[in-house]
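Protein sequence lines correspond, in order, to chains V and F.
Following this note's numbering, the numbering of the first sequence begins with 1 at its first residue and continues without gaps.
Following this note's numbering, the numbering of the second sequence begins with 1001 at its first residue and continues without gaps.
Positions of the beta carbon are idealized from the N, C-alpha and C atoms, including for glycine.
Nothing here was measured: the structure is a model prediction, and the numbers come from that model.
Here is the structure we will look at.
2 protein chains.
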Amino acid sequence: MAAFRVRAAEAGDCEEIVRMIRELAEYEKLSDQVKITVEVLRRDGFEESSPLYKCLVVENEEEKQAAGPRLVGYALSFFTYSTWEGRSLYLEDLYIMPEYRGRGLGSRMFAAVAEFCLALGCARLQLSVLDWNQSAISFYRSRGARDLSQEEGWRLFRFLPEDLRRMKANNTG
Amino acid sequence: MAAFRVRAAEAGDCEEIVRMIRELAEYEKLSDQVKITVEVLRRDGFEESSPLYKCLVVENEEEKQAAGPRLVGYALSFFTYSTWEGRSLYLEDLYIMPEYRGRGLGSRMFAAVAEFCLALGCARLQLSVLDWNQSAISFYRSRGARDLSQEEGWRLFRFLPEDLRRMKANNTG
Chain V
1 MAAFRVRAAE
11 AGDCEEIVRM
21 IRELAEYEKL
31 SDQVKITVEV
41 LRRDGFEESS
51 PLYKCLVVEN
61 EEEKQAAGPR
71 LVGYALSFFT
81 YSTWEGRSLY
91 LEDLYIMPEY
101 RGRGLGSRMF
111 AAVAEFCLAL
121 GCARLQLSVL
131 DWNQSAISFY
141 RSRGARDLSQ
151 EEGWRLFRFL
161 PEDLRRMKAN
171 NTG
Chain F
1001 MAAFRVRAAE
1011 AGDCEEIVRM
1021 IRELAEYEKL
1031 SDQVKITVEV
1041 LRRDGFEESS
1051 PLYKCLVVEN
1061 EEEKQAAGPR
1071 LVGYALSFFT
1081 YSTWEGRSLY
1091 LEDLYIMPEY
1101 RGRGLGSRMF
1111 AAVAEFCLAL
1121 GCARLQLSVL
1131 DWNQSAISFY
1141 RSRGARDLSQ
1151 EEGWRLFRFL
1161 PEDLRRMKAN
1171 NTG
């Protein structure tokens, strides 16, 4: 029987994490947006005095000696701040490779994120899901998530560096 | 003529910032969710080795000697992390008191946030707006923001500590 271990990521995992980041972006049909490199991910998570994110991975211990991937899932999160409730956690990605789904690995990893979130005294755990991704929506809703976009009407906006440069140039204040 | 200065917040500003956080939440009709205290805001922003947020304020220099508020606006942001593009900035709140609007203070403060974001090498600036808040939506759209909820279908989900405790309790992994 296969043994899977959920553990904190290490610097040496970054190559496989980037491979899975690309797989997830492809599933989300947004892979043209992926610009991250192994070097940047390693620096930001493992070589900064204040790492920019926390990452968990699922290791496939059975396949250590065999062919196939060593890591089959990851969950990457970071601290955010709510002016209403204080320190919070945001789950950027939770991914299990398709061929390793249906064994409860997503649940185990998400429970580990929940535990981490509670241990650090976070007031909330938030995340974003694409509206057509019904399996992700069911996964989170069955665990108690509220859909704030539907219930309160929150919409997400993004500025790119070119927008910011224009604003800086126009600032006469 | 009134002189207004946009500057980094200091620990001594937290009482007025919390006053404005409440004003903004009231405008957003969600003030029952505000639990932050002056002590928590001060600790998280000014007494931690890695502060959890950055805050700018607008100071009304004319009224220093007179009645009326010393601070008339604030912008609070924090770092986030994109697995596609790396270090990013999230603008949690941008607020100008209603009686001080129409003088370009929001633009000046937002330009200062943009400058800060660029200086720190962030790949994106993101924020959330309530769908009925047309004046905020126009403000951001006229500066180039893309509405990711509409264009890509992102929806925001939230878990509260009671959800997380249930998951932790059920985790047998």
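Residues of chain V whose Cβ lies closer than 8 Å to the Cβ of F/I1021 are, in chain order, T83 and W84. A distance below 6 Å between beta-carbons, with the five flanking residues on each side excluded, links F/A1025 to the following residues of its chain, in chain order: S1031 and V1034. Judged by DSSP in its simplified three-state form, F/Y1095 adopts strand. Rounded to the nearest whole angstrom, the CA to CA distance from V/R108 to F/N1171 is 6 Å. Residue F/I1096 holds the alpha-carbon nearest to the alpha-carbon of F/V1072 among F/S1128, F/Y1140, F/I1096 and F/E1039. Close to F/Y1090, with beta-carbon spacing below 7 Å, are these residues of chain V in chain order: T80. F/G1153 belongs to the set of residues whose beta carbon lies under 8 Å from a beta carbon in chain V.
Interface with chain F (8 Å Cβ-Cβ cutoff): V/R42 is excluded. Between F/L1089 and F/G1106, the C-beta spacing is not below 8 Å. In the displayed model, F/L1089 falls within a strand according to three-state DSSP. Taking a beta-carbon distance threshold of 8 Å, F/C1117 counts as an interface residue toward chain V. Taking C-beta separations shorter than 6 Å and ignoring five residues to either side along the sequence, the partners of V/L76 in its chain run Y53, C55, E92 and D93, following chain order. With distances taken between CA atoms, V/V57 lies nearest to V/V18 out of V/S128, V/R146 and V/V18. Rounded to the nearest whole angstrom, the C-alpha separation of F/E1061 and V/D13 is 52 Å.
Shortest Cα-Cα distance from V/I21 to any of F/E1151, F/T1083, F/F1157 and F/G1121 involves F/T1083.
Comparing alpha carbon positions, the residue from V/S50, V/A11 and V/K29 closest to V/E39 is V/A11. Taking 8 Å as the cut-off, the Cβ atoms of V/W154 and F/L1130 count as close. Identification of residues in the stretch 1132-1147 of chain F having a C-beta nearer than 7 Å to some C-beta of chain V yields W1132, Y1140, R1143, G1144, A1145, R1146 and D1147, given in sequence order.
Beta bridge pairing from DSSP links V/W154 with F/L1130.
F/D1013 is outside the set of residues whose beta carbon lies under 8 Å from a beta carbon in chain V.
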